[in-house]
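Residues 11 to 125 (my numbering) are what the sequence shown spells out, left to right. The beta carbon of each residue, even a glycine, is placed where N, CA and C say it ideally should be.
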Amino acid sequence: MDLGFSDEQEVLRETVRGLAARHADLSVVRAMEDDERGYPADFWAKLGESGLTGLTIPEKWGGSQMSMLDAVVVYDELGRALSPSPHFVSSVVAGGVLTAAGTDEQRQEWLPKIA
């Protein structure tokens, strides 16, 4: 039994690691301590451009429909870099609640915006 990550998950790991290194290094993390927003807008935009804000959201609502194991890979790298972002709360928690319990109208309105 192979318990390692797939080649695709390793590419995902390297992608997130690179984004965090370029857009949310330690100097950015320190600067965000006193920032009202609390996360760098350019980093959030890059996560969105990479399809990572819609990580576990179904494709029919604009998400990437990745697995929870893929999410583990992403969060391992975001945590490794101490990356400041609202990703978990907005993408996973809010996106997950809307996907599981939202009405069709709520899903149609909000999930594409999150993704």
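What number of angstroms, rounded off, separates the C-alpha of residue i from the C-alpha of residue j?
| i | j | result |
| --- | --- | --- |
| R90 | V26 | 10 angstroms |
| K123 | M76 | 17 angstroms |
| S16 | V83 | 11 angstroms |
| D44 | G58 | 24 angstroms |
| I67 | A55 | 17 angstroms |
| H33 | R117 | 30 angstroms |
| D12 | G64 | 28 angstroms |
| L121 | L62 | 13 angstroms |
| H97 | T113 | 22 angstroms |
| L102 | E115 | Before going on, a small fix: residue 102 reads as Val here, not Leu. Between V102 and E115, the C-alpha separation is close to 19 angstroms. |
| S93 | G14 | 24 angstroms |
| A125 | E18 | 20 angstroms |
| M78 | E46 | 31 angstroms |
| G28 | S95 | 15 angstroms |
On the DSSP letters alone, give me the boundaries of the alpha helix (DSSP H) that residue i sits inside.
| i | result |
| --- | --- |
| T109 | 105-111 |
| L126 | Given that the chain is displayed from residue 11 to residue 125, the structure contains no residue 126 and the question cannot be resolved. |
| P96 | No alpha helix (DSSP H) holds P96; DSSP gives it neither H nor E. |
Tell me whether residue i is buried or exposed, calling it buried when 16 or more other Cβ atoms sit within 10 Å of its Cβ.
| i | result |
| --- | --- |
| V99 | exposed |
| G105 | buried |
| M42 | buried |
| A30 | buried |
| D80 | buried |
* Could you give the uninterrupted runs of the alpha helix (DSSP H) lying entirely in the region 12-84, keeping only those of 4 residues or more? -> 17-33, 36-42, 51-59
* Between the region 65-73 and the region 25-42, do at least 3 Cβ pairs fall closer than 8 angstroms? -> no
* Should the region 77-93 be regarded as contacting the region 15-22, the criterion being three or more beta carbon pairs within less than 8 angstroms? -> yes
* Asked: Any chance the region 102-111 sits against the region 40-51, with 3 or more Cβ pairs inside 8 angstroms?
  -> no
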